[in-house]
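Please read the structure below before turning to the comments.
2 protein chains.
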Amino acid sequence: MRAVVLVSGGMDSAVVLAHLRHEGFACTALSFDYGQRHRQELAAAARVAKALGAVEHLVQTIDMRCIGASALTADIPVPKDRSEDGTIPITYVPARNTVFLAYALALAEARECRTIGIGVNAVDYSGYPDCRGDFIAAFEAAANLGTKPSPHGPIRIVAPLVSMDKGQIVRRGVELGVDFGLTTSCYDPGADGRACRHCDACRLRALGFAAAGVADPVVS
Amino acid sequence: MRAVVLVSGGMDSAVVLAHLRHEGFACTALSFDYGQRHRQELAAAARVAKALGAVEHLVQTIDMRCIGASALTADIPVPKDRSEDGTIPITYVPARNTVFLAYALALAEARECRTIGIGVNAVDYSGYPDCRGDFIAAFEAAANLGTKPSPHGPIRIVAPLVSMDKGQIVRRGVELGVDFGLTTSCYDPGADGRACRHCDACRLRALGFAAAGVADPVVS
Chain A
282 MRAVVLVSGG MDSAVVLAHL RHEGFACTAL SFDYGQRHRQ ELAAAARVAK
332 ALGAVEHLVQ TIDMRCIGAS ALTADIPVPK DRSEDGTIPI TYVPARNTVF
382 LAYALALAEA RECRTIGIGV NAVDYSGYPD CRGDFIAAFE AAANLGTKPS
432 PHGPIRIVAP LVSMDKGQIV RRGVELGVDF GLTTSCYDPG ADGRACRHCD
482 ACRLRALGFA AAGVADPVVS
Chain B
282 MRAVVLVSGG MDSAVVLAHL RHEGFACTAL SFDYGQRHRQ ELAAAARVAK
332 ALGAVEHLVQ TIDMRCIGAS ALTADIPVPK DRSEDGTIPI TYVPARNTVF
382 LAYALALAEA RECRTIGIGV NAVDYSGYPD CRGDFIAAFE AAANLGTKPS
432 PHGPIRIVAP LVSMDKGQIV RRGVELGVDF GLTTSCYDPG ADGRACRHCD
482 ACRLRALGFA AAGVADPVVS
C-alpha cells in the first residue's frame with residue numbers, strides 16, 4: 282500500500298505521516314516551496330519525513346506570490362495575539378489546500394497511489410475554509426471524477442485529524458512516537474529560527490501541548 | 282463582472298474567452314508553462330488574450346515534469362493516427378485540469394472574481410476524465426466549500442463547450458468573431474512550428490472545421 286502524504290514540517294502533518302506509516306503505508310512525503318515567509322518549515326519537513334521513514338520526500342516549487350493576498354506570502358505583517366472573532370485571518374492563502382491536494386492527486390495518479398494523507402483539522406484551527414471535512418469530502422469526489430479509474434479502487438483523501446482538537450493531536454503523536462522536536466509551527470520566526478510564540482500557529486501549538494499535559498520540546 | 286479564463290492557446294479556450302467577453306466579463310486570461318513539449322501554445326495564448334480583449338494575461342509556471350507519466354511532458358513519443366479504442370491516451374497529464382482549476386480558483390479568490398471559464402468538452406474529445414461535466418460540477422462544489430464565502434455569491438466554473446461537438450465549437454467561434462488563425466492545437470509541431478496533422482489534437486481540430494464547413498486558417 283502506497284500513500285502520498287502532505288508534510289508541511291508542522292506537528293499535524295507529522296502525526297498524519299506517523300499514522301499512515303503505522304497503518305503500513307509506504308509513504309511519499311510531499312512539501313511545497315510556495316514563497317512562504319516561514320521557509321524553515323521545509324527543513325523541518327525533511328527531518329520529519331526522514332525520521333518517520335518516508336520512502337521519499339519531494340519538494341514541489343510553486344509560486345503563489347503572484348496571487349498575493351496573504352500575510353504568509355505577500356508583504357503583509359503576520360498578526361500577533363489575534364483575538365478570536367470568527368473571521369478568516371489574513372494568513373489565509375487563497376485556495377492553498379486545493380492547490381496542494383491537486384498536486385498530491387497528480388502525483389498519486391502518476392504513481393498509482395490510491396491514498397492521500399492531509400493534516401487538516403477543523404476543531405482548534407485558524408478558521409481557514411479549506412481545513413474542513415466537508416471540503417475534503419467534496420475534493421475527494423472531484424478527484425475520483427477527474428482521474429483515471431483504477432483497478433485498485435477509488436482515491437481516498439485521508440484526514441485523520443479532522444475531528445480532533447489540538448490536545449488529542451499531541452497525544453496521538455506521542456502514542457505514535459512522533460518527535461515533535463523536529464517540527465516547527467511558527468508563521469513568523471526570528472532570524473535565529475526561534476518561534477515568535479504570538480502568531481496563530483504558535484498559540485494553537487501551545488494550546489495543544491498544554492491540553493495534552495506534554496512539554497513542547499521546541500519551546501521548552 | 283470579472284472572470285478568470287483558462288486560455289491554452291488552442292481553439293476551445295479561445296471560444297470560451299470570446300463567449301465570456303461577449304457576456305460582458307472583464308477577463309483575466311491564465312495560461313500555464315508546465316513543461317509541455319508544445320510550448321508554441323503559450324505564444325498563441327498571448328495572441329488570443331490580446332485579440333479578444335483580456336484585461337491581462339498571466340502565465341503561471343508550474344513543473345509537472347517531476348510527476349512525469351505523460352507524452353506531453355515526459356520523454357514519451359506523441360502517438361500519431363491513433364485508433365479510437367476508448368482507452369485514455371498517453372498524452373493524458375495526470376490531474377492536469379484539477380491543478381489548472383486549483384490555480385484559477387486561487388487567483389479568482391485573491392481577485393474577488395466569482396466566475397472561472399474553462400474550455401473542456403466531452404463530446405469530440407480525447408477521453409481525458411477531467412474534461413467531463415460531472416468532474417467540473419464536483420470541482421465547483423469543492424471550490425465553494427474550500428474558499429471564503431463572498432457577498433458576491435458562489436464561485437461558478439463555466440464550461441460553455443462541455444456539451445458541444447467540435448463542429449459546433451468552430452461555428453460558435455465564427456459567430457463570436459474568433460480568429461482561429463491565432464490559435465494552435467498540435468501536440469507535436471515540427472521545428473518550423475507547423476502542425477503535424479496526425480496527433481489526436483490535430484485530428485480533432487480537422488474534424489471540427491470539416492464538420493462546420495469552415496476552412497482552418499492554420500493549415501489552409
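Quick note, the sequences are listed as chains A and B, same order.
Read in order, the letters of the first sequence correspond to residues 282 to 501 in the working numbering.
Read in order, the letters of the second sequence correspond to residues 282 to 501 in the working numbering.
C-beta: ideal position from N, C-alpha, C; glycine also.
Only a predicted model underlies this, so the values are computations on that prediction, with no experimental measurement involved.
Cβ contact check for the region 447-463 of chain A and the region 408-420 of chain A: 3 or more pairs under 8 Å | Fewer than three pairs of CB atoms, one per stretch, sit closer than 8 Å, so the region 447-463 of chain A makes no contact with the region 408-420 of chain A.
If we ignore side chains and look at the alpha-carbon of each, how far apart do His338 (chain B) and Arg392 (chain B) end up?
-> Counting from one through the second sequence, the residue named residue 338 (chain B) turns up at place 57. Counting from one through the second sequence, the residue named residue 392 (chain B) turns up at place 111. Rounded to the nearest whole angstrom, the CA to CA distance from His338 (chain B) to Arg392 (chain B) is 14 Å.
Out of A:Arg484, A:Leu287 and A:Val455, point me to the one whose CA is closest to Thr309 (chain A)'s CA.
-> If you number the first sequence from 1, residue 309 (chain A) lands on position 28. When C-alpha distances from Thr309 (chain A) are compared across A:Arg484, A:Leu287 and A:Val455, the shortest belongs to A:Leu287.
Of the residues that make up the region 383-395 of chain B, which ones have a beta carbon closer than 7 Å to any beta carbon in chain A?
-> Here the close residues are Ala383, Tyr384, Leu386, Ala387, Leu388, Glu390 and Ala391.
Chain-order list of residues whose beta-carbon lies under 8 Å from that of Ala298 (chain A) (same chain, five-residue window excluded) = Working through the first sequence from its first residue, we reach residue 298 (chain A) at position 17. First, the amino acid is wrong: residue 298 (chain A) is Leu here, not Ala. If we look at Leu298 (chain A) and ignore the five residues flanking it on each side, its Cβ neighbours are Val286, Val288, Cys308, Ala310, Val329, Ala330, Leu333, Ala335 and Gly398.
If we ignore side chains and look at the alpha-carbon of each, how far apart do Gly458 (chain A) and Ala423 (chain A) end up?
-> Walking along the first sequence from the start, residue 458 (chain A) turns up at place 177. Walking along the first sequence from the start, residue 423 (chain A) turns up at place 142. Each residue's Cα considered, the two are about 34 Å apart.
Have a look at the DSSP bridge pairing and note the partners of Gly398 (chain A).
-> Taking the first sequence and counting its residues from 1, the one referred to as residue 398 (chain A) is at position 117. A:Val286 and A:Val439, per the DSSP bridge assignment.
What residues from chain C crowd round Asn378 (chain B), counting only those whose CB sits closer than 7 Å?
-> Reference to chain C is not applicable here, since the protein chains of this structure are A and B.
Secondary structure, alpha helix (DSSP H): runs of 4+ residues fully inside the region 414-488 of chain B = Scanning the region 414-488 of chain B from its first residue to its last, the whole alpha helix (DSSP H) runs of 4-plus residues come out as 414-426 and 447-456.
Using 8 Å as the limit for Cβ to Cβ distance, is Ile343 (chain A) near chain B?
-> For this step, residue 343 (chain A) is matched to residue 62 along the first sequence. Chain B contact via Cβ: present.
Close Cβ partners of Glu421 (chain A) (< 6 Å) along its chain, the five nearest in sequence each way excluded | Your numbering for residue 421 (chain A) matches position 140 in the first sequence. Cβ neighbours of Glu421 (chain A) beyond the five flanking positions: Ile438.
Does the Cβ of Ser294 (chain B) have 16 or more other Cβ atoms within 10 Å, making it buried, or fewer, making it exposed?
-> What you label residue 294 (chain B) is simply residue 13 of the second sequence in a count that begins at 1. Around the beta carbon of Ser294 (chain B), 16 or more other beta carbons sit within 10 angstroms, so the residue counts as buried.
Please list the partners that Ala423 (chain A) has in chain B, where partner means a Cβ-to-Cβ separation under 8 Å.
-> Counted from its first residue, the first sequence places residue 423 (chain A) at position 142. Chain-ordered, the chain B residues with CB closer than 8 Å to the CB of Ala423 (chain A) read Thr379, Phe416, Ala419, Phe420, Ala422 and Ala423.
Does Arg328 (chain B) have its Cβ less than 8 Å from a Cβ in chain A?
-> If you number the second sequence from 1, residue 328 (chain B) lands on position 47. With a threshold of 8 Å between beta carbons, Arg328 (chain B) makes no contact with chain A.
Which class does Phe313 (chain A) belong to by DSSP, given the choice of helix, strand or coil?
-> Taking the first residue of the first sequence as position 1, residue 313 (chain A) is located at position 32. Residue state for Phe313 (chain A) is assigned as strand, using DSSP reduced to three classes.
Residues of its chain near Ala350 (chain B), where Cβ-Cβ distance is below 7 Å and the 5 sequence neighbours each way are ignored = Counting from 1 along the second sequence, the entry for residue 350 (chain B) is found at position 69. Note that Ala350 (chain B) scores a pLDDT of 47, beneath 50, so its modelled location is shaky; the value from the coordinates is reported in the next line. The beta carbon of Ala350 (chain B) is closer than 7 Å to those of Pro375 in its chain, skipping five residues each way along the sequence.
Report the residue from A:Cys467, A:Thr428, A:Arg478 and A:Ala493 whose alpha carbon sits nearest the alpha carbon of Glu456 (chain A).
-> Locating residue 456 (chain A) in the first sequence gives position 175, counting from the first residue. Nearest of A:Cys467, A:Thr428, A:Arg478 and A:Ala493 to Glu456 (chain A), Cα basis: A:Ala493.
For the beta strand (DSSP E) that contains His502 (chain B), what are its first and last residues?
-> Missing from the structure shown is residue 502 (chain B); chain B here goes from 282 to 501 and no further.
Which same chain residues, not among the five before or five after Gln341 (chain B), have their C-beta less than 6 Å away from its C-beta?
-> Within the second sequence, numbered from 1, the residue matching residue 341 (chain B) stands at position 60. These residues qualify, in order along the chain: Phe313 and Tyr384.
If you follow the alpha helix (DSSP H) that Arg302 (chain A) is part of, which residue opens it and which one closes it?
-> Within the first sequence, numbered from 1, the residue matching residue 302 (chain A) stands at position 21. Where Arg302 (chain A) is concerned, the enclosing alpha helix (DSSP H) stretches over Met292 to His303.
Would you say Ser289 (chain B) faces chain A, with C-beta separation under 8 Å as the test?
-> Here residue 289 (chain B) is taken as the residue at index 8 of the second sequence, counted from 1. Not closer than 8 Å to any Cβ of chain A, the Cβ of Ser289 (chain B) fails to qualify, so no.
Extent of the continuous alpha helix (DSSP H) to which Glu322 (chain A) belongs = Position 41 of the first sequence, counted from the first residue, corresponds to residue 322 (chain A). Gln321 to Ala332 is the span of the alpha helix (DSSP H), which, as asked, contains Glu322 (chain A).
Cross-chain neighbours of Pro410 (chain B) in chain A, by beta carbon under 8 Å = For the purposes of this step, residue 410 (chain B) is taken as the residue at position 129 of the second sequence. By Cβ distance, chain A contributes Leu426, Gly427, Thr428, Lys429 and Pro430.
Would you mind reading off the limits of the alpha helix (DSSP H) that contains Tyr384 (chain A)?
-> By 1-based counting over the first sequence, the position of residue 384 (chain A) is 103. For Tyr384 (chain A), the uninterrupted alpha helix (DSSP H) segment begins and ends at Arg377 to Arg392.
Hey, how far is the Cα of Arg377 (chain A) from the Cα of Ala387 (chain B)?
-> For the purposes of this step, residue 377 (chain A) is identified with residue 96 of the first sequence, where counting begins at 1. For the purposes of this step, residue 387 (chain B) is identified with residue 106 of the second sequence, where counting begins at 1. Taking the straight line from one Cα to the other gives about 7 Å.
Note down, in chain order, every chain A residue with its Cβ under 9 Å from the Cβ of Arg437 (chain B).
-> Numbered from its first residue, the second sequence carries residue 437 (chain B) at position 156. One finds nothing in chain A with a Cβ atom closer than 9 Å to the Cβ of Arg437 (chain B); even the nearest lies about 15 Å away.
Cα-Cα, which of A:Val499, A:Thr428, A:Asn425 and A:Ser444 is closest to Val404 (chain A)?
-> Along the first sequence, one-based indexing puts residue 404 (chain A) at 123. Closest option to Val404 (chain A), Cα to Cα, is A:Ser444.
Leu353 (chain A) in three-state terms, based on DSSP = Numbered from 1 along the first sequence, position 72 holds the residue referred to as residue 353 (chain A). Residue placement at Leu353 (chain A) is flagged as unreliable, the pLDDT there being 46, under the threshold of 50; the coordinate-derived value follows with that caveat. In the structure shown, Leu353 (chain A) sits in coil (DSSP, three-state: anything other than H, G, I, E or B).
Phe381 (chain A): which of B:Asn402, B:Val401, B:Ile343 and B:Asp415 sits nearest, CA to CA?
-> Taking the first sequence and counting its residues from 1, one reaches residue 381 (chain A) at position 100. Ranked by how close their Cα comes to the Cα of Phe381 (chain A), the residues B:Asn402, B:Val401, B:Ile343 and B:Asp415 have B:Ile343 in first place.
Using a cut-off of 9 Å between C-beta atoms, extract the partners of Arg413 (chain B) located in chain A.
-> What you label residue 413 (chain B) is simply residue 132 of the second sequence in a count that begins at 1. Those within 9 Å of Arg413 (chain B) in chain A are Leu426 and Gly427.
If you drop the 5 nearest sequence neighbours on each side, which residues of the same chain put their C-beta closer than 8 Å to that of Asp497 (chain A)?
-> Position 216 of the first sequence, counting from 1, holds the residue named residue 497 (chain A). Same-chain partners within the cutoff: Phe461, Arg486, Ala487 and Phe490.
Beta-carbon separation of Gln321 (chain B) and Thr465 (chain B) under 8 Å?
-> Counting from one through the second sequence, the residue named residue 321 (chain B) turns up at place 40. Counting from one through the second sequence, the residue named residue 465 (chain B) turns up at place 184. A Cβ-Cβ contact shorter than 8 Å links Gln321 (chain B) with Thr465 (chain B).
When the cut-off is 8 Å and only beta carbons count, does Pro375 (chain A) lie next to chain B?
-> Your numbering for residue 375 (chain A) matches position 94 in the first sequence. Under the Cβ criterion of 8 Å, Pro375 (chain A) is counted among the residues facing chain B.
Identity of the residues DSSP links to Cys412 (chain B) by a beta bridge = Numbered from its first residue, the second sequence carries residue 412 (chain B) at position 131. DSSP output for Cys412 (chain B) lists no bridge partner at all.
Can you give me the Cβ contacts of His433 (chain B) inside the same chain, cut-off strictly under 6 Å, excluding the 5 residues immediately before and after it?
-> Against the second sequence, residue 433 (chain B) aligns to sequence position 152. A distance below 6 Å between beta-carbons, with the five flanking residues on each side excluded, links His433 (chain B) to the following residues of its chain, in chain order: Arg395.
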